[in-house]
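Data block below; observations after.
Protein chains: 4
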Amino acid sequence: MAKSKFEYVRLFEADDRCLPNTWIVVRVDGKGFHKFSTEHEYEKPNDIKALSLMNRAATSVMEEFKDVCLAYGQSDEYSFVFRKETQAYSRRSAKLSTNVCSLFTSAFVYYWNEYFPTGKPRYPPVFDGRTVLYPSNQNIRDYLSWRQADCHINNLYNTTFWALILKGGLTPAEAENKLKGTLSGDKNEILFSQFGVNYNTEPEMLRKGTVLVRRKVPVALPNGGIREKSQIVQEYVDIIGDEFWNTNSHLLTVT
Amino acid sequence: MAKSKFEYVRLFEADDRCLPNTWIVVRVDGKGFHKFSTEHEYEKPNDIKALSLMNRAATSVMEEFKDVCLAYGQSDEYSFVFRKETQAYSRRSAKLSTNVCSLFTSAFVYYWNEYFPTGKPRYPPVFDGRTVLYPSNQNIRDYLSWRQADCHINNLYNTTFWALILKGGLTPAEAENKLKGTLSGDKNEILFSQFGVNYNTEPEMLRKGTVLVRRKVPVALPNGGIREKSQIVQEYVDIIGDEFWNTNSHLLTVT
Amino acid sequence: MAKSKFEYVRLFEADDRCLPNTWIVVRVDGKGFHKFSTEHEYEKPNDIKALSLMNRAATSVMEEFKDVCLAYGQSDEYSFVFRKETQAYSRRSAKLSTNVCSLFTSAFVYYWNEYFPTGKPRYPPVFDGRTVLYPSNQNIRDYLSWRQADCHINNLYNTTFWALILKGGLTPAEAENKLKGTLSGDKNEILFSQFGVNYNTEPEMLRKGTVLVRRKVPVALPNGGIREKSQIVQEYVDIIGDEFWNTNSHLLTVT
Amino acid sequence: MAKSKFEYVRLFEADDRCLPNTWIVVRVDGKGFHKFSTEHEYEKPNDIKALSLMNRAATSVMEEFKDVCLAYGQSDEYSFVFRKETQAYSRRSAKLSTNVCSLFTSAFVYYWNEYFPTGKPRYPPVFDGRTVLYPSNQNIRDYLSWRQADCHINNLYNTTFWALILKGGLTPAEAENKLKGTLSGDKNEILFSQFGVNYNTEPEMLRKGTVLVRRKVPVALPNGGIREKSQIVQEYVDIIGDEFWNTNSHLLTVT
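Right, here's the structure in full:
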């Protein structure tokens, strides 16, 4: 059987290597998660179990891809930032997006039963993935700011929306109507005056999303000594302002 | 919080729409499945459970993507052929590869326990994905022939290799050595004379791989009548020669 | 001087090879030719000298690129059709478009004084170029039909427009106004009834544009004999209907 | 004539916009200029007329493309650096490379007779073009250093090679043989000891190539006053070291 006769078809594969010296972001995004969260009775406005599972899946990705220096997640999405100099998969765009996306999905299903009482979800969940390039440090910071600002806007809205429904007794349509055209300040006011909720004291994981970074953490040795070990940790902090980047300046410098 | 100030970063996403009127293949491929199959004690040379699970996962993909007219799987890989005219995800390359890859992976983990006695695998399995374009009917046929020829070559090798080990008592290194430089005929001869195995009567799923296509199948109605329903069926047939394509000419014509 | 220290920058060049087995069209288009034609007093509605110079420049491209099997030109544009199988410049998109575009431009300036009485144009003319892929024979025919239909529509409009001005004494604004919303039949009628012009007897080069193909033509030998030689010829024929393609079926078949 | 029926073919054009916030270089390169320079009797090792014509053509490109902040030329090539933020042609790669390449070629032919006594070249010269992206200031500097190092290496070689032939009476093969394996120091020594030539006093245009930048230059006004005007000037300076960039820091900053 002449294998070689057919092998010419390999030449139809395109070379999709990313521009060198450029930040590579792979973002995975839940597909149809409005329906998925409803069918799996996610708590509203936020389901800590579901967010924790997202963080678990993202940790698997960072364990595998050593060149992901930071990941940021919120709602049903997660962004993975590869170092500018990464040579993972020769920087081939589809290799990066499909491997990250597949591992994230796989881990999400795999660890489901550690977070949800049901053995497995009602049907296989799907995430799509994309690769985006950012040339400068400012660009990659602005990308992450974009996602965190999105988290803030959506979470403030959802918190107010569901307070109006769950505590205020409104229908979804009524709640939507009430919030139409309101600004951030208006929503803070509704939460505080109607429901006694100070939005700024809501859990930071919900307001900020989750940042995954590698930190040296002390590990106790059998002999009583201590050594440092690199570990992936979750932080719920502001990444829009300068403070995070000043105290983590190693993230933006070539190593 | 000025969301708009950061939104410019969306402009960095590239437009990756596939050339129109061209066959789109998305192939998913097990990552590190040599190790994965060993750790999960896949039977050698072929594990019917594992292949059946692959077929199950691929069926999920075809159920979701109506424009996949044919899928072909063998070993730890599966190829999905989208109709030339598909407008799924506006033909965006990364959307197609990541969605297919994520769903395949998700279903693989999800249905694991229907095929393997263990509740779940020892760690989350990963598949990568890629999108390749083929302009002509001959090209797409040659692509599929390439994969099926690969299946044949590998399966004949593996069948002989493992017979030498499991039945012949050779070490892997001895078996590898014995097969070095042999042609197909030589391997057939070893199987027959040494182990009484006629390779041509081995199960077709192993020798040919699995073809998934949609067929109209009769379904019994409650009133005793019968109606036709489109269903995804598995076939273990030659797709290199003309016969399959002559009897399935609808696959290559624009619908 | 360490050359090697800087040579890494070559890795930033992207691989832009065109999909194999696909028609490659390079189209060059005059940049700012409305102004250019005015400044060089092109005759209206058509300047035979200018069109002939376009044909001369296109012939230079076909002489250089043996894999261009057909070229089609009209107004200030020219399309060059490379055989599906061409390996010219390894099918690199930018190499093809810039080489064709540069040679076309170069020849246009070079041969200017063979068509225009002035030694050279008032300033250097510019053409842009683009590479477009077409997978099927129908697609490449439809591409050429698109350009020839464009030629027809524009030329009928321009012929009527300039008749109204040059023979009818209208201002451009009046002529434009009179033609607003008219169909082909209306314009034919205006030409015939007002100016005695039967559009269908206008020169075919103007109505159809110019097709360049290679033909075997007989050449007289010194000894009185005759031999055939491949030559690039201009034809002003319909390429939308089937007739041209039936009598030139070699153009669409792999050679 | 149904134009719309064919217009779908426009959808086959790919979107090739360059990554934002990234330096864009378009480099044009003489095609077959070894032959071209021989047929037009370019002086060896350098023809000042030819280099001046290259500079003239490049100046035309910079006059047209205001977003080219710097151009660098040597031998038969020229690189045009577009500002990182340029929106020229919406940053479409093929538009940029073909327009620059066409204008450069056009001007080269157009101005030929201002530099060469013959009215026009013996045949139309051709330049190819390419677009390359560089994300950081260091990358774009390294790109330019790469080209200037190339200029130095080639010019030192050619100067010595042609001295051996024109003054030393060697054949080209003998000269080539003599230079095989020599380092820069060796060539400097040959030039000095054999031909009394101090390479470092050779004209800087030959040793450094030509840098085109925009400078404010004083212009005398009719009333006796003076005003500043932006003008494209030629400089033959080192662009590998820091000095040029320190005194021209505006080139690398966003304007």
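The listed protein sequences derive, respectively, from chains A, B, C and D. The opening position of the first sequence corresponds to residue 1 in the UniProt record's numbering, with each subsequent residue numbered one higher. The opening position of the second sequence corresponds to residue 1 in the UniProt record's numbering, with each subsequent residue numbered one higher. The opening position of the third sequence corresponds to residue 1 in the UniProt record's numbering, with each subsequent residue numbered one higher. The opening position of the fourth sequence corresponds to residue 1 in the UniProt record's numbering, with each subsequent residue numbered one higher. Where is the CB? At the ideal position from N, CA and C, for every residue including glycine. This one's a predicted model, so the numbers in the text were calculated from it and none came from an experiment.
Put simply, the backbone Cα of tryptophan 146/B is about 15 Å away from that of valine 26/B. In the displayed model, tyrosine 110/D falls within a helix according to three-state DSSP. Residue environment for tyrosine 236/D: exposed (fewer than 16 other C-beta atoms within 10 angstroms of its C-beta). In the structure shown, cysteine 18/A adopts coil according to DSSP, grouped into three states.
Alanine 173/C: not part of any beta strand (DSSP E); member of the alpha helix (DSSP H) spanning 172-179, first to last residue. Collapsing the DSSP output to three states places tyrosine 236/D in coil. Residue range 210-220 is occupied by the beta strand (DSSP E) that includes threonine 210/C.
Between tyrosine 143/C and proline 20/C, the alpha-carbon positions lie close to 19 Å from each other.
The continuous beta strand (DSSP E) containing alanine 71/A extends over residues 68-74. At a cut-off of 9 Å between beta carbons, threonine 131/A makes no contact with chain D.
Scanning chain A for C-beta atoms nearer than 7 Å to the C-beta of threonine 105/B yields Ser102, Thr105, Ser106, reported in chain order. For valine 109/A, the chain B residues whose C-beta falls within less than 7 Å of its own C-beta are Ser106, Val109, Tyr110, listed in chain order. The residues Ala57, Ser60, in chain order, have a CB closer than 6 Å to that of alanine 107/A in the same chain once the five nearest residues on each side in sequence are set aside. Contact check between the segment 132-140 of chain C and the segment 160-180 of chain C: fewer than three CB pairs, one atom from each, fall below 8 Å, which does not count as touching. When the alpha-carbon of threonine 38/B is set against those of Glu64/B, Tyr110/B, Pro125/B, the nearest one is in Pro125/B. About 5 Å separates the beta carbons of tyrosine 72/B and serine 79/B, which is inside the 8 Å limit, making them a contact pair. Taking a beta-carbon distance threshold of 9 Å, alanine 88/B does not count as an interface residue toward chain D. Against chain C, a Cβ distance below 7 Å from leucine 11/A picks out Pro20. A direct Cα-Cα distance of roughly 56 Å separates asparagine 46/B from glutamate 64/C. For the segment 131-156 of chain C, the beta-carbon criterion of a distance under 9 Å to any beta-carbon of chain B is satisfied by Leu133, Tyr134, Pro135, Ser136, Gln138, Asn139. Glutamate 7/D has its alpha-carbon roughly 19 Å from the corresponding atom of leucine 156/C.
Per DSSP, the unbroken alpha helix (DSSP H) holding aspartate 186/C starts and ends at 184-195. For aspartate 15/C, the closest Cβ of chain A is nearer than 9 Å. Counting along the chain, no alpha helix (DSSP H) covers valine 28/B; the unbroken beta strand (DSSP E) around it starts and ends at 23-30. Here tyrosine 134/C carries a strand assignment [DSSP, helix/strand/coil]. Between asparagine 99/B and chain A, the shortest Cβ-Cβ separation is below 9 Å. Linking glutamate 228/C to leucine 221/C through their CA atoms gives a straight-line distance of about 10 Å. Contact check for glutamine 148/A against glutamine 231/A fails: the beta carbons are separated by 9 Å or more. In this structure the segment 175-190 of chain A does not lie against the segment 101-121 of chain A, because fewer than three pairs of beta carbons, one per stretch, are closer than 8 Å. Alanine 94/D has a beta carbon lying within less than 9 Å of a beta carbon in chain C.
Secondary structure of aspartate 142/D (DSSP, three-state): helix. Beta-bridge partners of aspartate 128/A (DSSP): Asp29/A.
Among the bridge pairs identified by DSSP, isoleucine 48/C is matched with none.
The C-beta distance from lysine 120/D to tyrosine 123/C rounds to 16 Å, too long to meet the 8 Å contact threshold. Contact of glycine 224/A with chain B is not assigned, every C-beta pair being separated by 9 Å or more.
Beta-bridge partners of lysine 229/C (DSSP): Val217/C.
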